[in-house]
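Report on the structure given below.
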Amino acid sequence: MSSDSQHIYQAQKNVDFLESFIDQYKFNDWAITVAFYVCVHIVEAVIFLKKDLKHQGYSIRIENSEDLPAVATAAKIPPPKNLSWTAKLNHAFRNLLLAENFPEISEKYNYLYSKSKSARYYCYKWDSKDVDLTLKYSLAFIVSWFNKTFSNSLKISKPILK
Amino acid sequence: MVSYVHLEHVPYMENRLEKYLTSEINLFEKSPALTHKSLDALFDGPKNLSGILTDVAEEIKNREKKAEKKGYERAVSDMNKAAKERVEKYIYNISFIVGLIHKVALDEIKNFKIIDSRARFSFDTEWIDLAFVIDAEFEEEILFSSVLSRIQNSVFSNQKRIIEIIQVNQKNRELDHSVLKSDYPFIVKPADIKS
Chain R
3 MSSDSQHIYQ AQKNVDFLES FIDQYKFNDW AITVAFYVCV HIVEAVIFLK
53 KDLKHQGYSI RIENSEDLPA VATAAKIPPP KNLSWTAKLN HAFRNLLLAE
103 NFPEISEKYN YLYSKSKSAR YYCYKWDSKD VDLTLKYSLA FIVSWFNKTF
153 SNSLKISKPI LK
Chain C
3 MVSYVHLEHV PYMENRLEKY LTSEINLFEK SPALTHKSLD ALFDGPKNLS
53 GILTDVAEEI KNREKKAEKK GYERAVSDMN KAAKERVEKY IYNISFIVGL
103 IHKVALDEIK NFKIIDSRAR FSFDTEWIDL AFVIDAEFEE EILFSSVLSR
153 IQNSVFSNQK RIIEIIQVNQ KNRELDHSVL KSDYPFIVKP ADIKS
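Chains as they are written, first to last, in the numbering used here: chain R, 3 to 164; chain C, 3 to 197.
Set out below in C-alpha cells:
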C-alpha cells in the first residue's frame with residue numbers, strides 16, 4: 003500500500019523518464035505506455051488524498067483502488083453483476099472509482115488506457131504527430147488538473163508534454 | 003361361480019353396506035396395531051408377510067432409482083436450458099451494446115467508420131470485453147473514445163455491469179491483426195437499435 007507521496011514520486015519519476023526520450027520519437031509506443039503509468043500513479047495519489055469516495059452511490063473510505071473489494075465487501079455493497087469482489091482486476095476497480103469520483107479526467111484517462119493497451123499489444127508503429135496529440139490531450143491535461151486541484155507541483159518541462 | 007348382484011336391485015343389501023360405510027368402522031384410518039405374527043396369521047398364500055414386505059421394499063427401490071434417474075435427467079435438462087438462455091442473453095446483450103455504440107458513434111461523428119467490432123466472450127463471468135478497430139483522424143478518435151466512455155458509464159449505472167472497451171485506430175499504422183484476433187476472437191454484428 004502506497005501513500006500519496008509515494009505515488010507522486012513514482013509519477014514524477016515516470017514523467018522524467020518519458021522526457022528523457024520523447025523528443026527522439028524512437029520509442030513512441032513506450033511513450034504512450036509510460037504516459038499511462040504516470041496517470042495511474044496520479045489517480046492512485048488522488049484516491050489517497052481524497053479518501054472519502056463514492057461507489058455505486060455508497061460512501062466509502064479507501065486509500066488505494068485495490069482496497070475497494072475489501073471495503074465494499076465489509077460495507078455489504080453488492081459487486082457489479084459480472085465481477086466478483088475476489089477478482090484481481092485492479093484496472094477495473096480503478097476505472098470504476100475514477101468514473102464516479104473524478105469524471106473530469108475519466109474520459110481522458112480511459113482514452114490513454116485504451117491507447118496504451120493498443121501500444122503494448124496491437125500497434126507497434128506510432129506516428130510522432132499522433133503521440134504528441136495523444137499526450138497533450140490526456141497526460142498534459144491530467145497533470146495540469148492534478149496540480150491545480152490538489153495544489154501539487156508535478157513538473158513537466160518539455161514543451162511537447164505541456 | 004361368481005354372481006354379480008346389482009345393488010339397486012337388492013335394496014336391503016344397499017342399506018347394510020351404507021350402514022357399514024357410514025358407521026364408525028373405517029378400516030383404512032383406524033386399523034388396529036397388530037403384531038407381525040398376528041398379521042401373518044390373517045392370510046395364507048404364495049407369500050407370507052415378510053415376503054410381501056420384501057417385494058414392497060424392492061418396488062420402492064425400483065421407484066427410487068427411476069425417480070433418481072428422472073430427477074437427474076430433469077436437473078441436467080434444466081441446467082442445459084438455463085445455460086442456453088444465459089448464453090443467448092449474454093450474446094444478445096453484447097450485440098445490443100455494440101449496436102448502441104455503432105448508432106451513437108455514427109449519429110455523432112461525421113464520416114466515421116467502424117472497421118471491426120470484436121469481442122472476447124466469458125460465459126462464466128459474463129464479462130464484456132470489446133475492441134473496436136477504427137480508421138479515424140485524431141479528432142474523430144477522441145469523439146469515439148468519449149462515446150465509449152459514456153456508454154460504459156451508462157451500462158454500469160443502469161445495469162451494474164462493467165464493460166471493458168478499447169479502440170484500436172488503424173489510421174497510418176500497422177496493426178498486429180493476429181494478436182488482435184487471438185485476444186478478441188469474435189466479430190460481433192451490431193443489433194439493430196431503434197431510435
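All C-beta atoms, glycine included, are put in the ideal place defined by N, C-alpha and C.
Residue i (DSSP reduced to helix, strand or coil)
i                : result
ILE116 (chain C) : strand
LEU141 (chain R) : helix
ASN171 (chain C) : strand
GLU166 (chain C) : strand
LYS63 (chain C)  : helix
ASP198 (chain C) : It is not possible to answer for residue 198 (chain C), since the shown part of chain C is limited to 3 through 197.
SER180 (chain C) : helix
SER146 (chain R) : helix
LEU135 (chain R) : helix
ILE189 (chain C) : strand
ALA101 (chain R) : helix
TYR74 (chain C)  : helix
TYR126 (chain R) : coil
SER61 (chain R)  : strand
PHE125 (chain C) : coil
PHE152 (chain R) : coil
LEU85 (chain R)  : coil
LYS56 (chain R)  : strand
LEU36 (chain C)  : coil
ALA133 (chain C) : strand
TYR27 (chain R)  : coil
ASN66 (chain R)  : coil
ALA84 (chain C)  : helix
SER97 (chain C)  : helix
ASP194 (chain C) : coil
Beta-carbon proximity of residue i to residue j, cut-off 8 Å
i                : j                : result
GLU128 (chain C) : ASN92 (chain R)  : no
GLN169 (chain C) : SER147 (chain C) : yes
LEU102 (chain C) : ILE189 (chain C) : no
CYS41 (chain R)  : LEU156 (chain R) : no
ILE111 (chain C) : GLU142 (chain C) : yes
GLU98 (chain C)  : ALA193 (chain C) : It is Phe, not Glu, that sits at residue 98 (chain C) in the sequence shown. Yes.
LEU98 (chain R)  : HIS57 (chain R)  : yes
ALA77 (chain R)  : ILE164 (chain C) : no
ILE144 (chain R) : ILE107 (chain R) : yes
TRP128 (chain R) : ARG120 (chain C) : no
ALA74 (chain R)  : ILE62 (chain R)  : yes
Selected residue, minimal CA-CA separation from residue i, among the options
i                : options                                 : result
ARG122 (chain R) : R:GLN26, R:ALA13, R:THR35 and R:GLN12   : R:THR35
LYS173 (chain C) : R:LYS150, R:GLU109 and R:TYR126         : R:TYR126
TYR124 (chain R) : C:TYR186, C:ASN64, C:LYS39 and C:PHE123 : C:TYR186
GLU102 (chain R) : R:LEU114, R:THR75 and R:ASP54           : R:ASP54
LYS119 (chain R) : R:GLN14, R:VAL17 and R:PHE38            : R:PHE38
ASP134 (chain R) : R:GLU21, R:HIS9 and R:LEU100            : R:GLU21
PHE158 (chain C) : R:ARG63, R:VAL17, R:PRO81 and R:ALA74   : R:PRO81
LYS86 (chain C)  : C:ILE62, C:GLU70, C:ASN50 and C:PHE125  : C:PHE125
LYS162 (chain C) : R:SER153, R:SER86, R:PRO105 and R:ASP18 : R:SER86
LEU182 (chain C) : C:ARG76, C:LYS39 and C:ARG122           : C:ARG122
ASN155 (chain C) : R:HIS9, R:LEU100 and R:THR136           : R:LEU100
VAL17 (chain R)  : R:LYS150, R:PHE152 and R:LEU137         : R:LEU137
GLU109 (chain R) : C:HIS38, C:VAL89 and C:ILE144           : C:ILE144
LEU177 (chain C) : C:ILE136, C:LYS39 and C:ILE62           : C:ILE136
LYS191 (chain C) : C:ILE54, C:ASN95 and C:PRO48            : C:ASN95
Neighbourhood of residue i by C-beta, 6 Å cutoff - its chain only, sequence neighbours within 5 removed
i                : result
GLU166 (chain C) : ASP131
TYR27 (chain R)  : SER130
TYR60 (chain R)  : ILE79
HIS8 (chain C)   : Low confidence applies to HIS8 (chain C): its pLDDT is 48, below 50, so where it sits in the model is not reliable enough to give any reading.
ALA89 (chain R)  : none
LEU44 (chain C)  : none
ASP57 (chain C)  : none
SER5 (chain C)   : Unreliable placement is indicated for SER5 (chain C), whose pLDDT of 42 sits below 50; the coordinate value is still reported in the next sentence. If we look at SER5 (chain C) and ignore the five residues flanking it on each side, it has no Cβ neighbours.
Cutoff 7 Å; reference residue i; Cβ partners in own chain excluding five residues on either side
i                : result
SER5 (chain R)   : PHE50
ALA138 (chain C) : PHE114, PHE146, ASN171 and LYS173
ASP42 (chain C)  : ASN50 and LEU51
PHE152 (chain R) : VAL48 and LEU51
LYS117 (chain R) : ILE34 and THR136
GLN8 (chain R)   : none
PHE148 (chain R) : ILE44, VAL48, ASN154 and LEU156
Own chain partners of residue i with C-beta closer than 8 Å, once the 5 adjacent residues on each side are dropped
i               : result
PHE23 (chain R) : PHE29, TRP32 and ALA33
ALA35 (chain C) : none
Proximity test, residue i beta-carbon vs the ligand MN heavy atom, cut-off 7 Å
i               : result
SER40 (chain C) : Among the components modelled here there is no ligand, and therefore nothing to report on the ligand MN.
Check your understanding: Are three or more beta carbon pairs between the segment 63-80 of chain R and the segment 153-163 of chain R nearer than 8 Å?
Key -> Cβ pair count under 8 Å is below three, so no.
Practice item. May I ask you to verify whether the segment 47-56 of chain R touches the segment 21-31 of chain R, counting CB pairs closer than 8 Å and requiring at least 3? Key: A contact between stretches requires three or more CB pairs, one per stretch, nearer than 8 Å, and the segment 47-56 of chain R fails this requirement with the segment 21-31 of chain R.
Point to revise | Validate contact between the segment 93-113 of chain C and the segment 149-157 of chain C using beta carbons, cut 8 Å, 3 pairs | key: Taking 8 Å as the limit for Cβ pairs, the verdict is that the segment 149-157 of chain C does touch the segment 93-113 of chain C.
Check your understanding: Taking three-plus beta-carbon pairs below 8 Å as touching, is the segment 106-119 of chain R in contact with the segment 8-16 of chain R?
Key -> Output reads no: the segment 8-16 of chain R does not touch the segment 106-119 of chain R.
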